[in-house]
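Residue numbers (this note's numbering): -2 to 218.
Presented below is the structure to which this report refers.
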């Protein structure tokens, strides 16, 4: 097992090569009580990273918008937070910044453990890319068959939808909320620079309600 340093925005990262699946599982258990540490595994390479404040702040706010959407649209929701998504067969695993079951929420209701061999993957994952992972996390999401990823980086918010070819492509509208565009959320994300987050969420909720009957089109058909 060898290590490689990180040279990007944050040095709170360790990259290990030659890690087998058993060791990865042991590391997951070892870090289980440290929620401020994220592990990403891709076919023998393990990245251990501690998120920055700006990462957690953006993640929390974007997650609040998802919850508000489901509340206002009357959609079911089961949140997985940053629970580990992994498949031994794929030799991949990661902890999303946030993940949610919406269309498949009824199948997850009451479950206390996640097993992707039998349970559906989350319908939506949030990926806030502030420090840039050394690994291709999007390819890991694809291998785990997560249908949609909202990715926020220095270029803005992009909705990615998994295609039949097993690859993500930018989408004009959300898969979970078909009439919703990334630009709809970006303007509320931008308001956080000058306004309290609770106030911005209230404005977002009011915006949804002002759509009136048309707001139903934001949800699944």
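The C-beta atom is built at its ideal place from N, Cα and C for all residues, glycine as well.
(1) Taking buried to mean at least 16 other C-beta atoms within 10 Å of its own C-beta, is residue 55 buried or exposed?
(2) Mark residue 167 as exposed unless 16 or more other C-beta atoms lie within 10 angstroms of its C-beta, in which case mark it buried.
(3) Pick out the complete beta strand (DSSP E) segments inside the stretch 120 to 202, 3 residues or longer, and give them in chain order.
(4) From the DSSP output, read off the bridge partner residues of residue 98.
(5) Under DSSP, the alpha helix (DSSP H) around residue 25 begins and ends at which residues?
(6) Between residue 82 and residue 73, how many whole angstroms is the CB-CB distance? I'm expecting something under 8 Å.
(7) With respect to the beta strand (DSSP E) encompassing residue 90, which residues constitute its N-terminal and C-terminal limits?
(8) Sort out for me which residues DSSP pairs residue 46 with in a bridge.
(9) Nearest by alpha-carbon distance to residue 188: which of 58, 34 and 40 is it?
(10) Might you give, ordered along the chain, the residues of its own chain that have their beta carbon closer than 7 Å to the beta carbon of residue 161, omitting 5 neighbours on each side?
(11) What first and last residue would you give for the beta strand (DSSP E) that runs through residue 83?
(12) Which of the three DSSP states, helix, strand or coil, is assigned to residue 40?
(13) So what does DSSP say about residue 105, is it helix, strand or coil?
(14) Does the distance from the CB of residue 206 to the CB of residue 69 come in under 8 Å?
(15) Would you tell me roughly how many angstroms separate the C-alpha atoms of residue 35 and residue 45, rounded to the nearest one?
(16) Give the C-beta separation of residue 147 and residue 124 to the nearest angstrom, bearing in mind that I take them to be a contact with Cβ-Cβ under 8 Å.
(17) Note down the Cα distance separating residue 210 from residue 186, rounded to an integer number of angstroms.
(18) So, with DSSP's three-state summary, where would you put residue 30?
(19) Please work out which residues of its chain come closer than 8 Å, Cβ to Cβ, to residue 133, disregarding the five sequence neighbours upstream and downstream, and give them in chain order.
(20) Compute the distance between the beta-carbons of residue 131 and residue 10, then report whether it is under 8 Å.
Once the coordinates are examined:
(1) Buried, because 16 or more other Cβ atoms sit within 10 Å of the Cβ of residue 55.
(2) Looking at its Cβ environment, which holds fewer than 16 other Cβ atoms inside 10 Å, residue 167 is exposed.
(3) Listed in chain order, the complete beta strand (DSSP E) runs (minimum 3 residues) inside the stretch 120 to 202 are 121 to 125, 145 to 150, 153 to 159 and 165 to 168.
(4) Residue pairing by DSSP puts residue 98 in a beta bridge opposite 75.
(5) Start and end: 18 to 27.
(6) With a Cβ gap of about 20 Å, residue 82 and residue 73 do not count as contacting.
(7) Per DSSP, residue 90 belongs to the beta strand (DSSP E) from 89 to 91.
(8) Looking at the DSSP output, residue 46 sits in a beta bridge with 10 and 35.
(9) When each option's Cα is compared against that of residue 188, the closest is 58.
(10) Result list for residue 161: empty, nothing under 7 Å.
(11) Note, residue 83: beta strand (DSSP E), 82 to 84.
(12) Collapsing the DSSP output to three states places residue 40 in coil.
(13) In the structure shown, residue 105 adopts helical secondary structure according to DSSP, grouped into three states.
(14) A contact, by the Cβ cut-off of 8 Å.
(15) Taking the straight line from one Cα to the other gives about 6 Å.
(16) Sure, about 7 Å apart at Cβ, within 8 Å.
(17) In this prediction, residue 210 has a pLDDT of 48, which is less than 50 and means its spatial position is unreliable; what the coordinates show is noted afterwards. Rounded to the nearest whole angstrom, the CA to CA distance from residue 210 to residue 186 is 24 Å.
(18) When DSSP states are grouped into helix, strand and coil, residue 30 belongs to the coil group.
(19) Within the same chain, residue 133 has close Cβ partners 39.
(20) A contact, by the Cβ cut-off of 8 Å.
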